[in-house]
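Chains as they are written, first to last, in the UniProt record's numbering: chain A, 1 to 196; chain B, 1 to 196. Note that CB positions come from ideal geometry on N, CA and C, so glycine has one too. Only one structure is covered here, and it is reproduced in the block below.
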DNA sequence: AAGTTACTAGAACGAGCGCTCTATTCAGCG
DNA sequence: CGCTGAATAGAGCGCTCGTTCTAGTAACTT
């Protein structure tokens with residue numbers, strides 16, 4: 001996280017690798033041994049740093065991924081004054097990242113969240129927290145642009161949901177178009193508030 | 001499928017159970033033995049009807065689930081003349097189903113699609129087909145309401161994506177609100193086309 | 001009635017899972 | 001130097017996975 005980044009510690013490597021693998025393969029589809037292998041750590045090290053086992057690793061990984069996405073969101077929203085343009089920029093940014101990863105690196109928490117829905121595991125909670133945080137960031141931006149509290153909240157919920165869904169659609173169809181379309185339409189929707 | 005429904009055959013039971021389990025637990029998280037058990041079939045029967053193994057079962061199940069959702073979509077859209085009201089009714093309908101299932105029965109293909117993204121398995125293809133089919137249904141409705149071809153397509157893509165994402169958000173937060181909000185905002189968005 | 005096909009039934013296999021356990025290495029410190 | 005605790009290393013446990021295989025049963029054909 002520091003600009004003058006030291007070589008990541010074993011613990012950090014485990015978290016980073018776990019985040020990427022869960023993002024791509026889901027929670028169930030990712031094995032502890034695979035995480036250890038790709039992080040150049042051994043099984044012993046993983047259980048040393050995360051006595052809680054696989055679930056504890058996943059919680060740390062998802063928390064990290066959630067924060068990372070928050071930063072991306074904040075940076076992109078800060079880059080544009082007009083809220084319509086800002087939200088559309090987010091969609092474009094997501095589309096870029098998706099294409100560059102070969103349509104593999106989508107939303108970091110969706111896959112894990114869906115797999116653990118029935119259970120009331122800690123993973124569920126972390127995913128819910130991440131989603132709430134992202135909504136809050138968008139709502140904050142809208143409020144700063146003159147939206148009422150209620151409008152900001154409802155539109156922010158819609159924006160996060162739409163981006164989430166458009167990203168999945170984009171991944172499945174291997175095309176930027178769903179995200180581009182969502183960006184344009186969300187911009188149009190937000191425009192109906194600012195120009196009214 | 002018939003109104004005078006005969007007791008479902010073994011093959012039908014396998015497909016129905018597999019569809020529900022994959023919807024709730026994902027592809028990786030659902031075992032062939034679990035499917036056989038809950039469908040009151042034996043392993044031998046499963047492999048008799050689906051020599052292709054687990055993937056073949058999943059393909060059949062996802063195809064069925066995709067069609068079932070298509071019917072729900074068509075019925076709900078047919079129930080309202082105004083396109084805004086029609087799309088909002090879809091969101092309400094999804095919210096109802098979600099709540100009634102204890103926030104467990106979400107989109108039938110999202111989970112499986114996300115898990116198999118890297119691989120170019122047949123499952124991917126079925127999910128992509130389902131999504132395209134749903135978009136087509138929404139686009140058809142919009143075109144029937146006077147939308148141009150291009151507008152209809154772009155808005156339909158956005159609608160399906162937004163509903164998809166809102167459903168995931170609703171599941172994670174165990175609340176109808178994300179879907180309700182998405183429904184209201186999508187209606188507002190569509191209104192900007194019909195009243196222009 | 002005999003033969004053939006469609007279906008049911010479940011034991012068994014190798015592989016991989018999450019996790020535990022013991023052994024070893026290594027840095028810091030009195 | 002010897003002690004100590006953190007970190008590394010990986011063999012092995014019990015279990016479940018998807019799949020295969022061999023039998024047994026039911027139903028239709030001729």
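Backbone CA spacing between residue i and residue j [nearest angstrom]
i	j	result
residue 1(A)	residue 143(A)	Note that residue 1(A) scores 44 on pLDDT, short of 50, meaning its location in the model is unreliable; the coordinates nonetheless yield the value given after this. Roughly 29 Å between the two C-alpha positions.
residue 128(B)	residue 173(A)	6 Å
residue 151(B)	residue 192(B)	12 Å
residue 70(B)	residue 87(B)	14 Å
residue 135(B)	residue 156(B)	5 Å
residue 98(A)	residue 65(A)	15 Å
residue 113(A)	residue 22(A)	10 Å
residue 10(A)	residue 30(A)	19 Å
residue 137(A)	residue 169(B)	16 Å
residue 95(B)	residue 79(A)	35 Å
residue 19(A)	residue 28(A)	13 Å
residue 90(B)	residue 132(A)	24 Å
residue 3(A)	residue 17(B)	Reliability fails at residue 3(A), whose pLDDT of 45 lies under 50, so the model's placement of it is uncertain and no value is given.
residue 63(B)	residue 82(A)	43 Å
residue 197(A)	residue 92(A)	Missing from the structure shown is residue 197(A); chain A here goes from 1 to 196 and no further.
residue 125(A)	residue 58(A)	12 Å
residue 130(A)	residue 165(A)	16 Å
residue 38(A)	residue 188(A)	43 Å
residue 182(A)	residue 111(A)	20 Å
residue 56(B)	residue 153(A)	43 Å
residue 140(A)	residue 149(A)	9 Å
residue 123(B)	residue 108(B)	12 Å
residue 171(A)	residue 161(B)	12 Å
Proximity test, Cβ basis, 7 Å: residue i and chain B
i	result
residue 161(A)	yes
residue 119(A)	no
residue 115(A)	yes
residue 90(A)	no
residue 168(A)	yes
residue 83(A)	no
residue 111(A)	yes
residue 76(A)	no
residue 158(A)	yes
Status (buried if at least 16 other CB within 10 Å, exposed otherwise) for residue i
i	result
residue 158(A)	buried
residue 115(B)	buried
residue 25(B)	buried
residue 67(B)	exposed
residue 194(A)	exposed
residue 180(B)	buried
residue 118(B)	exposed
residue 176(B)	buried
Short CB-CB distance (under 7 Å) between residue i and chain A
i	result
residue 154(B)	yes
residue 146(B)	no
residue 133(B)	no
residue 183(B)	no
residue 164(B)	yes
residue 104(B)	yes
residue 95(B)	no
residue 87(B)	no
residue 108(B)	no
residue 173(B)	yes
residue 128(B)	yes
residue 98(B)	no
residue 197(B)	Nothing in the structure corresponds to residue 197(B), since chain B is present only between 1 and 196.
residue 194(B)	no
residue 2(B)	Note that residue 2(B) scores a pLDDT of 44, beneath 50, so its modelled location is shaky and nothing firm can be said.
Review point. Does the stretch 40-53 of chain A come within contact of the stretch 127-147 of chain A, defined as at least 3 CB pairs closer than 8 Å?
Key: no
Check your understanding: Between the UniProt domain "HTH tetR-type" (8-68) of chain A and chain B, which residues of the former have a C-beta closer than 9 Å to a C-beta of the latter?
Key -> 24, 25, 26, 27, 28, 29
Point to revise | At least 3 beta-carbon pairs within less than 8 Å: the stretch 70-78 of chain A vs the stretch 31-39 of chain A | key: no
Check your understanding: Per the contact definition of three or more C-beta pairs closer than 8 Å, is the stretch 96-110 of chain B in contact with the stretch 39-47 of chain B?
Key -> no
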